[in-house]
Amino acid sequence: MPYPRDPKEPMYPPPETPPAENAWAALFLAQDTPVSLAAGQTVSVNLRLKNVGMCAWAPNGDKPIHLGYKWFDAAGHRQLDADDRRTALPAEIAPGEETAFGAVLCAPYTPGRYHLEWDLAIEGTKWFAEKGNPPLGVPVSITDRPRDVSGWRVESNLNPQEVAFALDGDPRTFWDSRMPQARGQWFRLNVSTPRVADGIQFLSPGKGFPASYCLRVAQDGKTFTEIARAAANNTHDLVAVFAPQPIQYAQIDLLGGVGQVASAPQVPPLSYWMISEILVHVGTVWTASASHNGGAAAHAIDNRADTVWSSGSPQEAGMWFQIDLGRVETVSGLMLISPAGENPVGFRIATWNARASRWQVAHENLNNRASVDVAFAATPTQFINIQLLQPSEQPWSIQEARVVREMDTWLGPGGSD
């Protein structure tokens with residue numbers, strides 16, 4: 071049967087090495103199959119496999135080896151209303167060698183919850199599964215129209231057989247690293263196409279939190295920006311909020327295991343890494359302007375530690391910096407991270423009240439000696455203005471601006487979209 075009784079029990083226990091007598095055997099090392107597709111949709115899926123059998127895999131000839139798939143419905147019956155597409159290997163793969171390539175996947179034309187099996191086929195003979203080698207199973211939801219989460223996919227360098235549990239919309243199931251946390255382990259989300267986002271959550275099932283990590287995002291999968299970091303013994307879900315930017319990829323890189331950086335009696339000596347849900351908050355692009363050096367104002371809202379906006383001249387009363395949130399949001403706080411000695415010595419924060427058509431003061435400080443980190447009464451606004459009230463010989467600089475906002479609606483496989 072394609073479905074195990076226990077959702078956390080793999081349908082086929084993935085062996086480290088298949089039986090020695092198996093001439094045709096493959097080990098799936100990584101995959102990023104989307105867990106939600108529209109009916110009839112065709113996508114490309116990245117897979118990495120290792121030849122752990124006794125025979126070489128030939129991409130052509132009388133009996134070439136191709137990668138294919140099978141769809142099964144909720145009752146375990148073979149679903150036949152999907153195009154059968156086979157993908158040729160990029161080259162001959164000898165025993166012990168690995169290969170990585172993209173494979174074509176066509177979704178069934180009937181909506182429903184399915185079980186997908188990736189497998190290799192000896193054309194004209196049999197599937198590897200028929201020769202005793204377990205295929206790779208992935209749960210996939212097929213909808214009658216594209217959803218906002220259609221095409222989302224995840225991959226990891228650990229336990230690729232179960233990565234889909236992090237995107238199945240069920241908080242009771244979860245991906246488990248199946249190994250103690252260690253530096254070099256990673257988990258990556260791909261939301262299919264770039265979209266403007268300002269928050270990401272990687273939730274664990276009450277345990278298995280990433281102990282020490284770096285979270286990076288990218289639009290192209292190559293140029294990543296770090297948006298969150300935990301140095302040691304983290305015991306919370308990974309929740310990152312940042313200035314809106316277009317992203318398609320979000321990757322967690324572990325920096326160490328539990329107890330490797332600092333001791334914490336309440337943390338077990340060994341801990342696996344677990345992810346049960348992933349949520350993304352869709353945002354609107356911010357813009358920034360300033361009375362001085364306005365061309366560099368965007369550096370304060372680009373989420374990069376290596377860029378900074380600076381007034382370029384000593385602070386003076388009336389100097390200002392302004393953030394346009396792109397839409398009206400409920401705001402209740404502001405943080406402005408400044409290089410040492412370049413924080414505003416006296417300032418006023420005001421928000422624009424569109425209904426009254428005037429600015430209203432949210433916070434004022436005439437004797438400031440540190441980076442700005444203030445909370446104020448929640449107010450709906452699109453514009454936040456910071457104006458200096460005191461002169462200083464030092465310039466005013468902002469390395470990063472963070473706005474505290476209400477963020478109630480998060481996008482994920484388990485939510486409405």
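Take the sequence shown: its letters are residues 71 to 487, numbered as in the working numbering.
C-beta atoms are modelled at their ideal positions from N, C-alpha and C, and glycine is treated no differently.
By the Cβ-count criterion, residue 372 is buried, with 16 or more other Cβ atoms from all chains shown falling within 10 Å of its own Cβ.
With a cutoff of 9 Å on beta-carbon distance, residue 291 and residue 315 are scored as not near each other.
Secondary structure at residue 136: strand, using DSSP grouped into helix, strand and coil. 9 Å or more divides the Cβ of residue 355 from the Cβ of residue 369.
Inter-residue distance for residue 281 and residue 254 is about 13 Å (C-alpha atoms, whole angstroms).
Contact between residue 250 and residue 341 holds, with the beta-carbon distance rounding to 7 Å and staying under 8 Å. With a 10 Å radius around the Cβ and a threshold of 16 neighbouring Cβ atoms, residue 140 comes out buried. For the pair residue 466 and residue 391, the CB atoms are nearer than the 9 Å cut-off. Taking the Cα of residue 425 as reference, the smallest distance to any Cα among 124, 449 and 195 is reached at 449. A residue is called buried once 16 or more other Cβ atoms fall within 10 Å of its Cβ, and residue 124, having fewer, is exposed. Under the DSSP assignment, residue 120 falls in the beta strand (DSSP E) whose first and last residues are 112-121. Every beta strand (DSSP E) stretch that sits fully inside the stretch 167-252 and reaches 3 residues is listed by chain position as 168-176, 182-192, 206-213, 223-226 and 245-250. Residue 269 is bridged by DSSP to 311 and 351.
Distance from the CA atom of residue 455 to the CA atom of residue 173, rounded to whole angstroms, is 51 Å. With a contact defined as Cβ atoms closer than 8 Å, residue 477 and residue 443 miss out at about 19 Å. Residue pairing by DSSP places residue 361 opposite no residue, since no beta bridge is assigned to it. Linking residue 165 to residue 114 through their CA atoms gives a straight-line distance of about 26 Å. A Cβ-Cβ separation of about 45 Å leaves residue 363 out of contact with residue 328 under the 8 Å criterion. By the C-beta density criterion, residue 469 is buried, having at least 16 other C-beta atoms within 10 angstroms.
When 464, 152, 187 and 411 are compared, the shortest CA-CA separation from residue 439 is found for 411. Apart from the 5 residues on each side of it in sequence, residue 415 sits with its Cβ closer than 7 Å to the Cβ of 385, 438, 460 and 462 in its chain, given in chain order. Per DSSP, reduced to three states, the secondary structure at residue 366 is helical.
Bridge partners of residue 443 according to DSSP: 405. In this structure, residue 270 sits near residue 351, with a CB-CB distance shorter than 9 Å. The residue from 428, 474, 184 and 120 with its alpha-carbon nearest to that of residue 208 is 184.
Judged by beta-carbon spacing, residue 138 lies beyond the 9 Å limit of residue 177, meaning their Cβ atoms are not closer than that value. By the criterion of a C-beta distance shorter than 6 Å, residue 278 is surrounded in its chain by 342, 343 and 344, once the five residues flanking it on both sides are discounted. DSSP places residue 294 in the uninterrupted beta strand (DSSP E) bounded by 294-300.
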